[in-house]
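Residue numbers (our numbering): 102 to 524.
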């Protein structure tokens, strides 16, 4: 037996008040989906503009963050792993004071025992060494002569400046003990002197002294001047060119150990008078790191915004064409009671929905691109955690802004004119 009486009230439908009329949210959603899927191919192509724009934005921001981090890491690794030790007194003052205030040449044996030291080497400029040439005779035209820097160094100097030997080898402690007249030259000087191979032991005159070239250095990230210089042993420099003491000691440390080594180096090099030596280590490059990161991010952000603007223009164009094609539909809706704001809201929702979908797909594609590029370059991918979540709302906002003018144009159509044009 059925109960007679009024039915219990159900949940009230969600409605959105537009102007003086009402439209249910469900109906608005249905109309939006119907409008989008009525032409799925066009909707997909329209969404593709937002996908490409936001994918470019996410990818460029992610790649810029990743690349910037690599730049900063390399900068930190090169700059923040070097300690330079110098004597506080000049060479003349050291001569008057004796060896107690001087830098020693055997820095490798004194420093490599310290925990955190990777390489170390002492170096001094050789003054008045004369012109460098490859023939024993003086060329009046100067075609075989070069006036280049000549450096007296300990065996570990090339490693301390991260020098790379392209051909041959560098000298060792045996060459130093024997006083061998051997030299290592930079690749720039080797190219000027037409020395390309050291297997035949080419000769090189420094002033009147003949040296055998045993190695060519083609890279020196810590000291680019090495590529245009001649490097000879400390003993030969002392015997032939009166270079008695090194001017500076270059120390390469492990990352994060510079401050520790800077505090210990003076004591290790001169335990009798550590106060006579000055060790300098670079300060943490926080400001430089931030500047590099900001410059890289700014550049790629600009490119991403440009891509996003191009996608927004594509949405606006396609939405405007859609409005023109649906003129008859707009006129019919207006004729049966739809208000201007109803029409505008529908087209705005359609464009915003396409932008939202484009934002979701674009964010996913951008993340995939960042990971793929990082994997190809052996980088660690970095991405701001808020970026994937911000891309869909940004896409919806772009679609909303892009559909603003077409929706206003659709809302301003008069029913009679729209029906006439549609028919």
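Beta carbons are placed, not taken as given, at the ideal position from N, Cα and C, and that holds for glycine.
For residue 301, the secondary structure class from DSSP, reduced to helix, strand or coil, is coil.
Residue 346: not part of any alpha helix (DSSP H); DSSP gives it neither H nor E. Boundaries of the alpha helix (DSSP H) around residue 451: 441-478. Sorting 159, 413, 486 and 472 by C-alpha distance to the C-alpha of residue 147 places 413 at the top. Residue 497 and residue 463 do not touch by the CB rule: their CB atoms are close to 12 Å apart, not below 8 Å. Contact check for residue 491 and residue 444: beta-carbon distance about 30 Å, past the 8 Å limit, so the pair fails to qualify. For residue 272, the three-state secondary structure derived from DSSP is coil. Residue 485 and residue 155 have their C-alpha atoms roughly 15 Å apart.
The alpha carbon of residue 291 has as its nearest neighbour, out of 266, 276, 309 and 281, the alpha carbon of 266. Sixteen is the threshold: when 16 or more other Cβ atoms of the shown chains lie within 10 Å of the Cβ of residue 501, as they do, the residue is buried.
Taking every protein chain shown into account, the CB of residue 422 has fewer than 16 other CB atoms within 10 angstroms, so this residue is exposed.
In the DSSP assignment, residue 296 falls outside any beta strand (DSSP E) and carries neither an H nor an E. Between residue 319 and residue 262, the CB-CB gap reaches or exceeds 8 Å. Residue 359 is positioned such that its CB atom lies closer than 8 Å to that of residue 383.
Its Cα nearest to that of residue 277, the residue 206 stands out among 259, 328 and 206.
Under the three-state reduction of DSSP, residue 324 is assigned to coil, being neither helix nor strand. In this structure, the straight-line span from the alpha carbon of residue 431 to that of residue 420 is close to 14 Å. For residue 378, the three-state secondary structure derived from DSSP is strand.
Between residue 378 and residue 186, the C-beta spacing is below 8 Å. According to the DSSP secondary-structure assignment, residue 222 is paired through a beta bridge with 351. Rounded to the nearest whole angstrom, the CA to CA distance from residue 297 to residue 227 is 25 Å. About 6 Å separates the Cβ atoms of residue 352 and residue 218, confirming a contact at the 8 Å cut-off.
When secondary structure is reduced to three states using DSSP, residue 168 falls in the helix class.
Sorting 466, 442, 509 and 327 by C-alpha distance to the C-alpha of residue 159 places 466 at the top. Collapsing the DSSP output to three states places residue 359 in a helix. Residue range 258-261 is occupied by the alpha helix (DSSP H) that includes residue 259, with no beta strand (DSSP E) assigned at that position.
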